[in-house]
Amino acid sequence: MLGLIIALLAGILMSVQGVFNTKVMESSNMWATNSWVHLSALLVSLLFWFWKRNGSLLSVFSVENKIYLLGGIIGALITYTVIKSIDDLGPIYATMLILIAQLVTSAIIEFFGLFGTEQIPFEWRKIIGVALMLGGIIIF
């Protein structure tokens, strides 16, 4: 149940953040906005780390597959693409397309067990669900 609530909260926060970041970019520029987003996130993360003191800050480098350390770079690209898509398409269309891309990518990752995830069996109902979402965008 907690996972469900946190996932819903994440969706709400991501939608609000995308709009906020786009508004900041309108009075600044893309890379200054992206830098601010990640600098402020770093500061908040460091504050939580200092408060919790849950292990070494450098323990992230002990991850077995070093490709996973690219998450920060991916985060900068995510921020750029979300801001740009909301600026070009508006929040609703951008979010719908982002969600479809996330669903398809997550399905591929789990269907093939990529990046150390547990492989799940392919099910046609999941493909039908994505197709229904695409249909919803076309109708919208």
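Count the sequence shown with our numbering and you get residues 71 to 210, in order. All C-beta atoms in this analysis are idealised placements derived from N, C-alpha and C, irrespective of residue type, glycine included.
| Query | Result |
| --- | --- |
| Supposed close pair Val152, Gly88 - CB separation, criterion 8 Å | 5 Å |
| Between the CA atoms of Leu147 and Leu62 - distance to the nearest angstrom | Limits of the chain in this structure are 71 at one end and 210 at the other, which puts residue 62 out of reach. |
| The stretch 154-162 / the stretch 84-99 touching (three or more Cβ pairs under 8 Å) | yes |
| Pair within 8 Å by beta-carbon distance, Ile162 and Leu204 | no |
| Sequence ranges, alpha helix (DSSP H) only - wholly within the stretch 127-162, length at least 4 | 141-159 |
| Among Ala111, Phe118, Val174, Ser126, nearest to Gly142 - alpha-carbon criterion | Ala111 |
| For Asn124, three-class secondary structure by DSSP | coil |
| Proximity winner among Ala177, Leu74, Val200, Ala201, relative to Ile190 (alpha-carbon distances) | Ala177 |
| Reduced DSSP secondary structure (H/G/I, E/B, other) of Thr187 | coil |
| Ile197 and Thr187 closer than 8 Å at C-beta | no |
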